[in-house]
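Right, one structure below, let's go through it.
Residue numbers (this note's numbering): 994 to 1246.
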């Protein structure tokens, strides 16, 4: 049986994932095969649809890797599709208010917690039509990861953490740097200090916090700061860097 994100948090010392920016199941399988614990399938910046999502989810599951889908926005249909095809959770961008949190939970959870559309014949329930435990299990196990990415989200962060059902947050340093007027300056103290303070507050509330990892050194630095899980910046980025290194190693030798 597939692990949930909460189980992963309890079992792994350093849970690491990968943003999937390509519509390539083989890339997901390689990511999983090499030891990444989970993937964030990126529908916010990716250029594919729900049919491809289903194949990417299967690819992750084939090597015991937990698939989550980053939906493009807080949208009932996008959230429902992501969860119905069997994603272990959703990653929701641009969370900046209590209202954003409540709307997200409304569409991610079945009644009585929320208002997610209920169908027991979907892949997430093995197509069985049996509903004795499906709705309750889904409400318990599906991870809802809230992306805090801008000044508004930072300012509303304390109230966001107080909302019912908040278990996972993730910090977007690129968007935060842009909103602070220092685009791309991820090492600027204004960016790093804001994120470190949010990590501390999440820890105090028993909420799992996640962060972007640029490279192994950066990743280990954030783990040392107390973050609970880290997602590598992306499969395309990693492939680009490896290609660049290989070409330079040959042509500049």
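Note that CB positions come from ideal geometry on N, CA and C, so glycine has one too. Since the model is a prediction, treat every value here as computed from it, not as a measurement.
query: Cβ-Cβ separation, residue 1095 to residue 1156 (assumed contact under 8 Å), whole Å; result: 7 Å
query: Under the three-state DSSP convention, the category residue 1060 falls into; result: strand
query: Beta-carbon gap between residue 1277 and residue 1149 smaller than 8 Å; result: In the structure as shown, the chain begins at 994 and stops at 1246. Residue 1277 is therefore absent and cannot be evaluated.
query: Bridge partners - residue 1223, DSSP secondary structure assignment; result: 1009 and 1204
query: Delimiting residues of the beta strand (DSSP E) encompassing residue 1179; result: Residue 1179 -> no beta strand (DSSP E), and no H or E assigned at all.
query: Supposed close pair residue 1047, residue 1078 - CB separation, criterion 8 Å; result: 5 Å
query: For residue 1078, three-class secondary structure by DSSP; result: coil
query: Under 8 Å between C-beta atoms of residue 1020 and residue 1228; result: yes
query: Buried or exposed by the 16-neighbour rule on C-beta atoms within 10 Å, applied to residue 1114; result: exposed
query: Inter-stretch contact at 8 Å, needing at least 3 Cβ pairs: the region 997-1006 / the region 1030-1050; result: yes
query: Coarse secondary structure for residue 1035, derived from DSSP in three states; result: strand
query: Cα-Cα separation, residue 1216 to residue 1055; result: 28 Å
query: Alpha-carbon spacing of residue 1066 relative to residue 1088, whole angstroms; result: 9 Å
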